[in-house]
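Reading through the structure tokens given below for one structure.
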Amino acid sequence: MAPALVWLTALMVVPCALVLALAFFRRGIYGGIEYTFTLENFGLVFDPLYAGIFLNSARIAGTATLVAVVIGYAAAYAIAAAPRRWQPVFLFFAVLPFWSNYLIRTYAWIVLLNREGLVTQLLRWFGYTGEPPSMLYTEGAVIAGLVYNYLPFVILACYAPLSRLNPELAEASRDLGASAMTTFRRIILPLTVPGIAAGAVFVFVLSIGNFVTPALLGGGRFQMIGNLVYDQFLTANDWPFGAALAMALIAIMLVVLMAQAFAANRASGHAAEVRSDANG
Amino acid sequence: MVERSPATRRTLWFVLALVFAFLYIPIAVLVTLSFNEGGLPTAWSGFSLKWYVSLAGNSAILSAALNTLIVALVSTAIATLLGTLLAIGIEMRRQYGKGLEALIFAPMIIPDIVLAIALLSFFSMLNLTMGLHTIILAHVVFNLAFVCSVVRARLKSFDWSIVEASTDLGASAITTFRRVTLPVILPAVIAGALLAFTLSVDEFIIAFFTAGAGRASTTLPMQIYAMIRFGITPEINALATIVMAVSVTALTLSQRLNRGMIGQ
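Going down the list, the protein sequences come from chains A and B.
Under the working numbering, residues 1 to 280 are what the first sequence spells out, in order.
Under the working numbering, residues 1001 to 1264 are what the second sequence spells out, in order.
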């Protein structure tokens, strides 16, 4: 096991530590790195210009997460409600697209949304004669791309707790006079929070650091943190600032992961409560 | 689950149909267009394989495909070896710290862009000339984590007493590994290798940052990215169809090996 650990240390731990260190240095006049300690880079992260991009990224990632969770949960619910022998098949086909190349899945949306794409064709077919609507290179396109790419994971994450749900709990709730809505809200939803949280965290973390989707579907008009990091390293040549941005990204990720652990913890507490209520 | 009214059941099937339409229509459109004679998304002008033929004559794509194959094969080989040994080492010992767990888990959750810039900074600080070899070094990092987790899952149910028995009967450590441990975990090792191969073939961001300047070390996803940025061409549709077919096949195979394993 030693060679593997050496490999991980040399090519992951050390480089990541290097980036952390880099974030505390100053950018040289000609783009290089000047080895003097500074906190400027982190200050710059909070500069209104860049803080705005952070908020923008969080909004786009948050919307994508919300949409993916709603669609994914509904899909997982429908799969869990399907006849037992069909469930693995549905699940397999729900996850299958996830295994194809990310760039290609994103590209498929360019084909659909461009001015002469399928959506415009469909509109024309329905009798629309005006200018083709501009759908590509909008925030909506970026969100659609993110939802499309990460939906299979949400379905998978939500299906796990839904399929394990004890049907007697819902029946008991109905028998005691609760409406379907109340049963869902008070029994089913709380018991499946861990799946929702896992799916949501996955979509949010991958979306907020994404640079491919905003670059391709947003046409570079919607800068997200990922694009900003990319620019600092490959075009602006301000590596220390890029490093600070990357660290901010990691910090956001850690906060989100901790929130997930908290939500899962509370949910397991609630699950125990529901169970003891059901038993007692 | 609970008894449902016909109306509820219809709604659920409808939801399922909508979601599958959402997931598959974009891919279906792409695949269909790749066989469209005219190549335009606007009109169907007949079935044709000409875009596949024109791919075969595109030297930039062919060399990118070759690069991808080299990177994927070499990084998969290294990662499979190291990842399997790591999994055995961890599971044999049974006691490991949280730090080790985090170290192995990290490559799977660190955002690609962070690992990409970290490796770029690292390689350039060492004044290393970047190329296919640096992409391979980078790909092994996450591939080895995935192989390790697949093999570990298999080892959870492994009966270590047969290893002891083999040693007691006088077999050397290598013989024991080759004749006892390996046959048991082989399906998981192959499943892990297939997963690693697919991840490597599809990986774009880290390769993009660690490939260095120049077109010599362009991989297929890098080539696809460049083509997409340029606009829609029927050739990308054909290329996309091939790449999707390859990854879906490899992963279905990997999944089947894993499932067969659980059934044992």
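Where is the CB? At the ideal position from N, CA and C, for every residue including glycine.
Every value quoted in this text rests on a predicted model; they were computed, and no experiment measured them.
Extent of the continuous alpha helix (DSSP H) run through I1088/B: S1059 to R1093
So which residues of chain A does I1027/B contact, with C-beta pairs closer than 8 Å? P97, S100, R105 and A108
Check the Cβ of Y1225/B against every Cβ in chain A and list those closer than 7 Å, keeping chain order. L103
Which same chain residues, not among the five before or five after A1171/B, have their C-beta less than 8 Å away from its C-beta? R1179 and V1180
Inter-residue Cα distance where the pair is L249/A and F1047/B: 47 Å
Nearest CA to the CA of E168/A: which residue from I188/A, P152/A, F46/A and Y150/A? I188/A
Interface partners of G242/A on chain B, CB under 7 Å: I1117
Residues near V1151/B by beta carbon distance below 8 Å, same chain, minus five either side: G1083, T1084, A1087, I1088, I1185, A1188, V1189 and G1192
Return the residue from the list A215/A, V119/A and A197/A that minimises the CA-CA distance to A261/A. A197/A
I need the boundaries of the alpha helix (DSSP H) containing W125/A, first residue and last residue. L118 to W125
So, helix, strand or coil for E1203/B, using DSSP? coil
Check I1232/B in the structure and name its three-state DSSP category. coil
Between the CA atoms of F1022/B and G127/A - distance to the nearest angstrom: 23 Å
Per DSSP, which residues does N1036/B bridge with? Please list them. F1047/B
Listed in chain order, which residues of the stretch 1179-1198 of chain B have Cβ atoms closer than 9 Å to some Cβ of chain A? T1198
With DSSP collapsed to three states, give me the class of E34/A. strand
A76/A to R84/A, Cα distance in whole Å? 13 Å
Does the separation of the CB atoms of Y150/A and A259/A fall below 7 Å? no
So is T1008/B buried or exposed if we call it buried at 16+ other beta carbons inside 10 Å? exposed
Measure the beta-carbon distance from I1205/B to A1079/B and round it to whole angstroms, keeping in mind my assumption that it falls under 8 Å. Going by Cβ atoms, the distance from I1205/B to A1079/B rounds to 18 Å, so no, they are not a contact pair.
Can you check the stretch 1141-1199 of chain B for any alpha helix (DSSP H) of at least 4 residues that lies completely inside it and give the ranges in chain order? 1161-1168 and 1173-1176
From which residue to which residue does the alpha helix (DSSP H) around M1108/B run? K1098 to I1109
So, helix, strand or coil for R1004/B, using DSSP? coil
Could you tell me if G1263/B is buried or exposed, where buried requires 16 or more neighbouring beta carbons within 10 angstroms of its beta carbon? Only weak support is given to the placement of G1263/B: the predicted model assigns it a pLDDT of 39, under 50, and the value that follows is read from those uncertain coordinates. Exposed, since its Cβ has fewer than 16 Cβ neighbours within 10 Å.
Using a Cβ cut-off of 7 Å (strictly closer), state whether V1243/B contacts chain A. yes
Short of 8 Å Cβ to Cβ, which residues in the stretch 7-29 of chain A face chain B? W7, L8, T9, L11, M12, V13, V14, P15, C16, L18, V19 and L22
So if DSSP puts R27/A in a beta bridge, which residue, or which two residues, is it bridged to? I33/A
Check the C-beta distance from F1146/B over to L1195/B and give it rounded, since I have them as a contact under 8 Å. 5 Å
Taking only beta-carbon positions, decide if S1254/B is within less than 7 Å of chain A. no
Coil, strand or helix - F289/A by DSSP: Here chain A comprises residues numbered 1 to 280, so residue 289/A is not present and cannot be evaluated.
Exposed or buried, which one is N265/A when buried takes at least 16 other CB atoms within 10 Å? exposed
Rounded straight-line distance, which links the Cα of L1081/B to that of T1167/B: 22 Å
Per-residue DSSP class, three states only, for M224/A: coil
T1233/B versus S100/A - alpha carbon distance: 19 Å
Got a sec? Which residues, its chain only, sit under 7 Å from I252/A by beta carbon, not counting five neighbours each side? I208
Taking 7 Å as the CB-CB limit, is A198/A close to chain B? no
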